[in-house]
Amino acid sequence: MAEEQRALLGAEGGDGCGGSPGPPRALPAACDPRRLPHRLLVLALMCFLGFGSYFCYDNPAALQTQVQRDMKVNTAQFMALYAWYSWPNVVLCFFGGFLIDRVFGIRLGTVIFSIFVCAGQVVFALGALFNTFWLMEVGRFIFGIGGESLAVAQNTYAVSWFKGKELNLVFGLQLSMARIGSTVNMNVMGWIYSRVQDLLGYAGPSTLGLALLIGGVTCLFSLSCALILAYLDRRAEKLLCKEQGKTGEVIKLTDVKDFSLSLWLIFVICVCYYAAVFPFIGLGKVFFIEKFRFSPQEASAINSIVYIISAPMSPVFGLLVDKVGKNIIWVLCAVVTTLASHIMLAFTFWNPWIAMCLLGVAYSLLACALWPMVAFVVPEHQLGTAYGLKAIPAALLCPSMQSIQNLGLAVIAIAAGMILDTRGYLFLEVFFSACVCLSLLAVVMLYFVNHLTGGDLNWSAKKRAKLQKAAASEAEEQERLRRQNEDDLAKLLPKADAFSLRNKYLSRLGAQLPAHYSSCFSTLAHRSVLK
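Residue numbers (my numbering): -9 to 521.
Written out as structure tokens, the structure reads:
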């Protein structure tokens, strides 16, 4: 390592971290943490870091028929597998960043969360293998402990290795890889179950358990990526003398009381919208088989189209929203499109590919327009102003949104299973449509609240950029004035020092100081006379 460091820093940088690094010379580009090939390798590892988690998250959806048949459970019990994933994340969303920053560090934290994901998937598969459904629920709970926190670690790595405009692309690639993992799961797990069934010669809990264990190989792959990434990050830290990545989160739960009405409306939109998407995908395969008479392969394909569309469209819509602005309008379009999609699936027998493609587009658009609004709720130009508003740390906003989202998903998943068991798919689709209507109502309320309060959630990108430029110019002017004042004071300091020395000298001689001199010098003179 010492030889690599000397080769990387060059003669100008010296042997230690105190010198300035010189240009990379001896190390190959693939081994130099500052060169593009090495950073692309790190980026690939970051993207695959969450692949196993997203692949195994929707294992129940890909095997809904098999799980309910082999484990002899109803739909409500089946949907509890998703609820058990969400329950721990109602709390852990607040502490994932804290654990990474203060307890484990980014490298050890990522490995630990990856181990939780692997252990949860193994316990989940063993529950099926031993025909013990409660053990499967325990496995999903353990899986949930690692899943969301691993996403926090993934983002922390991204911020540590990439800066500026690169970061937007990195986040988009990570999201796309996550959607690819979900898509591959939807289309592969059924085939894996069939191959295991052919090998064993029968279907049952053993077949289900082995299929889930095979799916868990993706979690081991992600764990290996976490280990390699930890090594590369530690190596880069020594070579470049940089610190471990940190989330920078400083969270006080008491700040919840300062959340504005706009922020609570965003929370309502988030919960009600995603409640009509993720639980629907979890139950979608059997829905398409029963209503539209699709084969299991066709049902899996159409059920995964939302993720397939989201993978390439999320970066595109993100760029579009950044260029245009008007976030509330984009959210409104996404919610209305989603409502139309659910109405088509509920009350018509039109080709469901149309409705699902619309749902995929709307899902991608909403994510790109809704989540950035959280950062706009407390604008930077309001912090520390005379309005007296208490600053709400951004580190609390997204965890709060994720926590409420997980709470909503856990409750809605159980409710959706109960509705399907007692009322059927028509009532379930009406329930999902009602959730989207609540989301639509919250969007409309947010539009008027934002308009009446003069908020910036629906500003155009040009207007926001203009105000940000003006704020930046004002900050630069204030910094220039501050530096000018410091320079002026620095010029006066020598005179003040000379003046002070002269007064001290006169005081020691016992000379009478003029009355207009400061009291401290008068006191000094008085004390010298007393001596």
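Glycine residues also receive a C-beta, built at the ideal position from the N, C-alpha and C atoms. Nothing here was measured: the structure is a model prediction, and the numbers come from that model.
**Prompt:** What three-state label does DSSP hand residue 76 in the structure shown?
**Reply:** Note: residue 76 maps to helix in three-state DSSP.
**Item:** Whole-number beta carbon distance between residue 366 and residue 447, since they are thought to touch under 8 Å
**Value:** Taking the Cβ atoms as the reference, residue 447 lies roughly 5 Å from residue 366, within the contact range of under 8 Å.
**Message:** My output table needs one value for residue 450: the three-state DSSP class, helix, strand or coil.
**Reply:** Strand, per DSSP.
**Prompt:** Is it right to say residue 82 is buried, meaning 16 or more other beta carbons lie within 10 angstroms of its own, or is it exposed?
**Reply:** Burial is judged here by how many other beta carbons sit within 10 angstroms of a residue's own beta carbon; residue 82 has at least 16 and is buried.
**Secondary structure of residue 315, DSSP reduced to three states** = DSSP places residue 315 in the strand class (E or B) of the three-state scheme.
**Residues near residue 220 by beta carbon distance below 7 Å, same chain, minus five either side** = Counting only Cβ-Cβ distances below 7 Å, and skipping sequence neighbours, we find 97, 100, 101.
**Asked** When burial is assigned at 16 or more other CB atoms within 10 Å of the CB, is residue 191 buried or exposed?
**Response** Taking all protein chains in view, the Cβ of residue 191 is surrounded by fewer than 16 other Cβ atoms within 10 Å, so the residue is classified as exposed.
**Asked** Can you list, in chain order, the stretches of the beta strand (DSSP E) that have 3 or more residues and sit fully within the segment 179 to 213?
**Response** The qualifying runs do not exist here; there are none.
**Message:** Excluding the 5 residues flanking residue 261 on each side, which residues of the same chain have their C-beta closer than 7 Å to its C-beta?
**Reply:** The residues 394, 395, 398, in chain order, have a CB closer than 7 Å to that of residue 261 in the same chain once the five nearest residues on each side in sequence are set aside.
**Prompt:** What first and last residue would you give for the alpha helix (DSSP H) that runs through residue 109?
**Reply:** Per DSSP, residue 109 belongs to the alpha helix (DSSP H) from 96 to 119.
**Prompt:** For the 8 Å Cβ check, are there 3 or more pairs between the segment 34 to 54 and the segment 134 to 141?
**Reply:** Yes, the segment 34 to 54 is in contact with the segment 134 to 141.
**Prompt:** Does the segment 66 to 80 come close enough to the segment 416 to 424 that 3 or more CB-CB pairs lie under 8 Å?
**Reply:** Segments in contact, no.
**Prompt:** Is there contact between the segment 205 to 215 and the segment 317 to 335, where contact requires at least three CB pairs shorter than 8 Å?
**Reply:** These segments do not touch.
**Asked** So what's residue 62 in DSSP terms, helix, strand or just coil?
**Response** Coil.
**Asked** When the Cβ atoms of the segment 300 to 315 are set against those of the segment 346 to 355, are three or more pairs found closer than 8 Å?
**Response** Flag = yes, the segment 300 to 315 and the segment 346 to 355 touch.
**Prompt:** Can you tell which of 463, 316, 331, 52 has the C-alpha that lies nearest to the C-alpha of residue 181?
**Reply:** Nearest C-alpha to residue 181: 52.
**Request:** State yes or no: is the C-beta of residue 183 within less than 8 Å of the C-beta of residue 173?
**Result:** No, they are not a contact pair.
**Asked** Are residue 176 and residue 48 touching if we call contact CB-CB under 8 Å?
**Response** Contact: yes.
**Prompt:** CB-CB under 6 Å to residue 56, same chain, minus the five flanking residues each way: which ones, in chain order?
**Reply:** Result list for residue 56: 183, 198, in chain order.
**Rounded distance between the beta-carbons of residue 273 and residue 410, thought under 8 Å** = With 8 Å as the limit, residue 410 and residue 273 qualify as a contact, their Cβ atoms being about 6 Å apart.
**Inter-residue spacing [alpha-carbon to alpha-carbon] between residue 318 and residue 289** = Here the alpha carbon of residue 318 sits roughly 33 Å from the alpha carbon of residue 289.
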